[in-house]
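Everything below concerns the one structure shown next.
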Amino acid sequence: MNEINNQIPLGERKKESFRLFDDIAQTYDSLNKVLSFGIDIYWRRQIRKALPKTDSIEILDLATGTADVPIELIKAKNVKRILGLDLSEGMIKVGNEKLKEQKLTDKITLGIGDGCNLPVEDQTWDVATVSFGIRNYPDCFKGLQEMHRVLKPNGRAMVMEFSLPSIWPVRMIYLAYFRYILPFVGNLFSGHGDAYSYLNKTVEDFPYGDEFTSLMTKAGFAKVSARPLTFGIATLYIGDK
Ligand SMILES: C[S@@+](CC[C@H](N)C(=O)[O-])C[C@H]1O[C@@H](n2cnc3c(N)ncnc32)[C@H](O)[C@@H]1O
Numbered sequence: 004m005n006e007i008n009n010q011i012p013l014g015e016r017k018k019e020s021f022r023l024f025d026d027i028a029q030t031y032d033s034l035n036k037v038l039s040f041g042i043d044i045y046w047r048r049q050i051r052k053a054l055p056k057t058d059s060i061e062i063l064d065l066a067t068g069t070a071d072v073p074i075e076l077i078k079a080k081n082v083k084r085i086l087g088l089d090l091s092e093g094m095i096k097v098g099n100e101k102l103k104e105q106k107l108t109d110k111i112t113l114g115i116g117d118g119c120n121l122p123v124e125d126q127t128w129d130v131a132t133v134s135f136g137i138r139n140y141p142d143c144f145k146g147l148q149e150m151h152r153v154l155k156p157n158g159r160a161m162v163m164e165f166s167l168p169s170i171w172p173v174r175m176i177y178l179a180y181f182r183y184i185l186p187f188v189g190n191l192f193s194g195h196g197d198a199y200s201y202l203n204k205t206v207e208d209f210p211y212g213d214e215f216t217s218l219m220t221k222a223g224f225a226k227v228s229a230r231p232l233t234f235g236i237a238t239l240y241i242g243d244k
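Following the numbering used here from start to finish, the sequence shown increments by one per residue and tops out at 244.
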């Protein structure tokens, strides 16, 4: 078990976060559904709806985890193929089992790859997505620059990430759930002493909203937008190259 040491600064811990996902890979999908009350399915659907409408698009999904995003995006008729990359072998293994079960291996491929240093050539993908992954990168700006580098001209980057609700009663209730209930239930049922406490720290530390759209613009993206979902618990950021 790869317990992450609480004494180490968050930025340093993020370098090793994929090891934590190795540990929780087997329970990740079911705990996700329980802890988000199933809303995560709706959030991933919003990424599919925001895809460009052009023909035969090829998508690179980063921090792909157990492949829930590729499985959702391949439902769009204009998507030709998807490559999902992640640093956690455990998450990729679970993802590959799901792809086999759902007979999707001809259209979706998974592999090992660092979002901050992509093993991918310049200007080769129509769309790059990352969902609930970029806040785990040790350097999320580098992650955005890498997305920009691998996109073709006019390509689209889509980032789904947790954010904090701005309306105060909702924010208070959410923070109480997020700081106390979610870490307790998550750590208990994943069998990991620290994973879901780490999750809440990365969310509160993340530069969401205007701060993140500024980073996207600085990384080279144009027409950058942020769409808060479910009272602002999550936000979908979109930018074009
Ligand atoms: C919360 S999961 C999200 C998985 C999936 N995208 C989803 O929506 O369910 C975060 C994922 O980010 C991956 N990850 C963390 N740091 C990474 C990095 N530097 N490069 C690529 N993946 C990374 C973890 O291994 C983990 O699978």
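Don't be surprised by glycine CBs; every beta carbon is placed ideally from N, CA and C. Everything numeric in this text was worked out from a predicted model, so none of it was measured.
- Distance from the CA of Val227 to the CA of Asp25, rounded to the nearest whole angstrom, comes to 33 Å.
- For Ser33, the enclosing alpha helix (DSSP H) stretches over residues Ser20 to Leu38.
- Note on the segment 30-98: whole alpha helix (DSSP H) runs with a minimum of 4 residues are 42-52 and 71-76, in chain order.
- Under the three-state reduction of DSSP, Val162 is assigned to strand.
- Counting only unbroken stretches of 4 or more residues, the alpha helix (DSSP H) elements lying wholly within the segment 186-220 are 198-208, in sequence order.
- One thing to note: Ile27 has its Cβ no nearer than 8 Å to the Cβ of Ser134.
- Tyr199 has its Cβ no nearer than 7 Å to any heavy atom of ligand 1.
- Non-local beta-carbon contacts of Ser59 in its own chain, meaning distances under 6 Å to residues more than five positions away in sequence, involve Lys83 in chain order.
- By the CB criterion at 8 Å, Val188 and Thr132 fall outside the cutoff.
- Of Arg182, Leu88 and Tyr199, the smallest CA-CA separation from Thr112 is found for Leu88.
- Residue burial is scored here from C-beta neighbours: Gly14 has fewer than 16 other C-beta atoms within 10 angstroms and is therefore classed as exposed.
- With a threshold of 7 Å, the Cβ atom of Ser39 does not count as near ligand 1, since no heavy atom of the ligand is closer than that.
- Judged by the Cβ position, Ser228 fails to qualify as a neighbour of ligand 1 at the 7 Å threshold, every heavy atom of the ligand being at least this far.
- Under the three-state reduction of DSSP output, Lys17 falls in the helix class.
- Between Tyr183 and Asn190, the CB-CB gap reaches or exceeds 8 Å.
- Secondary-structure assignment with DSSP links Pro231 through a beta bridge to Thr238.
- Non-local C-beta neighbours of Ala70 in its own chain, meaning closer than 7 Å and more than five positions away in sequence, comprise Gly87, Gly98, Lys101, Leu102, Ile111 and Leu113, ordered along the chain.
- Between the beta-carbon of Asp129 and that of Glu61 there is about 5 Å, and that keeps the pair under the 8 Å contact cut.
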